Amino acid sequence: MKAFLRPGMLLLQGLGVRTRLALVFSLVLVPVLVMGVQILLQALERQQGVGWGLALGLGALGGVLYLFAAFYMGFSEAVDALVRIARNNARGDLSQTVVVPGRDELSQVGGNLESMGENFSGLVGTIRNQAVHVALAGESLSTGMHDLSQRTEAQAASLEQASASILGLSESVQTTARRSKDVDALTRRVRGEAEAGEQAMDVAVRSMGEIQEGSRRMGEIIGVIDGIAFQTNILALNAAVEAARAGESGRGFAVVASEVRTLAQRSATSAREIRALIARSGEQVGVGVTRIEAVTGNLRTVVKGIHEVAAGLSGITEASTEQSTALSEIAQAVKGLDNITQRNGAMVDQALQATVGLRDRASHLSEAVAAIKLRRGTADEAYALVLRGMELIKQVGMATAAARFHDPHGGFRDRDLYVFVFDRRGVYQVFGSTPASVGKRVHDIRGLDGDHVVREGFAAAERGGGWIDYEVVNPVNDVVEAKTSYILPLGEDTLIGCGVFKPKGGFKLQPL
Numbered sequence: 077m078k079a080f081l082r083p084g085m086l087l088l089q090g091l092g093v094r095t096r097l098a099l100v101f102s103l104v105l106v107p108v109l110v111m112g113v114q115i116l117l118q119a120l121e122r123q124q125g126v127g128w129g130l131a132l133g134l135g136a137l138g139g140v141l142y143l144f145a146a147f148y149m150g151f152s153e154a155v156d157a158l159v160r161i162a163r164n165n166a167r168g169d170l171s172q173t174v175v176v177p178g179r180d181e182l183s184q185v186g187g188n189l190e191s192m193g194e195n196f197s198g199l200v201g202t203i204r205n206q207a208v209h210v211a212l213a214g215e216s217l218s219t220g221m222h223d224l225s226q227r228t229e230a231q232a233a234s235l236e237q238a239s240a241s242i243l244g245l246s247e248s249v250q251t252t253a254r255r256s257k258d259v260d261a262l263t264r265r266v267r268g269e270a271e272a273g274e275q276a277m278d279v280a281v282r283s284m285g286e287i288q289e290g291s292r293r294m295g296e297i298i299g300v301i302d303g304i305a306f307q308t309n310i311l312a313l314n315a316a317v318e319a320a321r322a323g324e325s326g327r328g329f330a331v332v333a334s335e336v337r338t339l340a341q342r343s344a345t346s347a348r349e350i351r352a353l354i355a356r357s358g359e360q361v362g363v364g365v366t367r368i369e370a371v372t373g374n375l376r377t378v379v380k381g382i383h384e385v386a387a388g389l390s391g392i393t394e395a396s397t398e399q400s401t402a403l404s405e406i407a408q409a410v411k412g413l414d415n416i417t418q419r420n421g422a423m424v425d426q427a428l429q430a431t432v433g434l435r436d437r438a439s440h441l442s443e444a445v446a447a448i449k450l451r452r453g454t455a456d457e458a459y460a461l462v463l464r465g466m467e468l469i470k471q472v473g474m475a476t477a478a479a480r481f482h483d484p485h486g487g488f489r490d491r492d493l494y495v496f497v498f499d500r501r502g503v504y505q506v507f508g509s510t511p512a513s514v515g516k517r518v519h520d521i522r523g524l525d526g527d528h529v530v531r532e533g534f535a536a537a538e539r540g541g542g543w544i545d546y547e548v549v550n551p552v553n554d555v556v557e558a559k560t561s562y563i564l565p566l567g568e569d570t571l572i573g574c575g576v577f578k579p580k581g582g583f584k585l586q587p588l
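Heads up: the sequence shown begins at 77 in my numbering, then just goes up one per residue.
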């Protein structure tokens, strides 16, 4: 059957739907009209029931023509609506709503196409919203990663410099340790020599003591000699007296006694001189002993100090050795940390490149769907509208800009997109969609948590700008819906923003 009908199908495929419909109805109506005319002609020839037959024929013909015209117009309108839906979707214009009237199959097709357009609009809106968020997050992450890369490079340079400094310090400490060992050995030799000097001074002190004792004994001996000289002088004097008494016979004895007396006197004089010399020598020896004892005490102090210095140098040597070992370990640890930092730097560079790639892909994705006209505003449009609003305020001032914001044809009102400005009290200074709301508070908006919006809005403004999420009643359908707004600071106590309703569109798998 299909093969039999294919030539006709191919012929009709080259015609439009209206042409096909007109052709089919023509093929049906022409025979009916011909038959009706024939019946009327036959009735006229027989002259039977001409009035009623003519009226009935004309009525039937009129009814058929009326139904055909109504069906044709209804069918044409449905086809036109379907064509508009398809044409809008093909152009990427998902903002138009087209309704196919009726309850037939064409109406169902139109409803399905309309639902598909709405779902596509929501899906594309979600893509654009998420692409904007991803792009902004990627930009922020890229900036953070760039700063982290710079800090990592600076840290790596600092660690490299610290490693070099620690290595130099370790070498210096090792040199100090070697020199400390040399000084410690020298101190030990000096200590040995000082101890030997101390012992020599002790021997010298003992020798001086022995000399002093010998001088004392010599003084005693000289005293004995002096006593002998004194007794000899007395004996010589007595001998001279006895020789004088003897007269001429004792003259020779007197001469001998005189010589003995002279010798005794000379011995006494020499003994006194020797005693004086020995006394002076003893005094000098005593002074020398005192001085040597003082020097010995100083030497003992020096030796004690050398002992302490030697002990201190030994401790310094040990500490220097330990410091050298510790610094070597620290140098190795810093070197390992430097290697880790360099690897981290390489990973940060890779992450930075990945972040830039993510940002670029998000930008490409946003550009790919930017030409599609949606039924609701999107995050990228809200972001751009806030930036335009900020620029306009800088150029013409707040009062003139507010008038533009409230003007439906001012370029700042598009579908559900509009600019708003409020202060820390939540009082609106600009409400683009409803100028009558200027002076009212955020808290007066139906279904809106004013405290949350004011708190989160100024928190985002203090960060330099950002997105806030909240819920509010959509005035179009009177349903509470989720909304997100981009906020920028407009002074210390004022902010500017623009929000979009989060798309609900998308596709859900239906069970078969």
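For each residue, glycine too, the CB sits at the ideal point set by N, CA and C. All figures in this text were calculated on a predicted structure; none of them were measured in a lab.
Measuring straight from C-alpha to C-alpha, what distance separates residue i and residue j?
i	j	result
Glu457	Val548	20 Å
Cys574	Lys470	17 Å
Gly486	Leu463	15 Å
Ala370	Arg282	14 Å
Leu564	Gly465	10 Å
Arg227	Gly391	42 Å
Val361	Glu335	37 Å
Ser246	Glu405	10 Å
Gly582	Gly567	At Gly582 the pLDDT is 43, less than 50, meaning the model places this residue with poor confidence; the figure from the coordinates comes in the next sentence. Straight-line Cα distance between these residues: approximately 39 Å.
Ala558	Gln184	30 Å
Ile383	Gln237	Reading off the sequence shown, one finds His at residue 383, where the question assumed Ile. Straight-line Cα distance between these residues: approximately 41 Å.
Arg321	Ile354	42 Å
Gly473	Asp492	25 Å
Glu343	Thr366	Reading the sequence as shown, one finds Ser at residue 343 and not Glu. Cα to Cα, the separation comes out at about 33 Å.
Gly542	Tyr562	6 Å
Ile297	Ala272	37 Å
Gly187	Ala157	11 Å
Thr263	Ala280	25 Å
Ala455	Glu229	36 Å
Ala478	His519	21 Å
Arg480	Val576	20 Å
Ala270	Gly373	12 Å
Lys584	Glu190	Residue placement at Lys584 is poorly supported in this model, since its pLDDT is 40, which falls under 50; the coordinates are not used for a value here.
Val379	Glu286	26 Å
Gly244	Ile416	22 Å
Gly508	Val495	5 Å
Val385	Gln418	47 Å
Return helix, strand or coil for residue i, following the three-state DSSP convention.
i	result
Asp156	helix
Gly573	strand
Tyr142	helix
Thr560	strand
Asn550	strand
Val503	strand
Arg517	strand
Apply the 10 Å Cβ neighbour rule to residue i and answer buried if 16 or more other Cβ atoms are within range, or exposed otherwise.
i	result
Gly299	exposed
Leu571	buried
Gln586	Because the pLDDT of Gln586 is 35, which lies under 50, any placement of that residue in the model is unreliable, and the number read from its coordinates should be weighed accordingly. By the neighbour-count rule (16 or more Cβ atoms within 10 Å), Gln586 is not buried but exposed.
Thr219	exposed
Asp569	exposed
Tyr142	exposed
Val529	buried
Val556	exposed
Asp223	exposed
Asp527	exposed
Leu588	In this predicted model, Leu588 has a pLDDT of only 28, less than 50, meaning its place in the structure is not dependable enough to derive any value.
Ser239	buried
Thr476	exposed
Mind pulling the beta strand (DSSP E) runs of 3 or more residues that sit fully within the region 520-547?
none
Please confirm if the region 549-558 is in contact with the region 532-540, defined as three or more CB-CB distances below 8 Å between the two stretches.
no
Write down every uninterrupted run of the beta strand (DSSP E) in the region 468-499 whose length is 3 residues or greater and which is fully enclosed by it, in chain order.
495-499
Uninterrupted beta strand (DSSP E) stretches inside the region 251-331 (no shorter than 3 residues):
none
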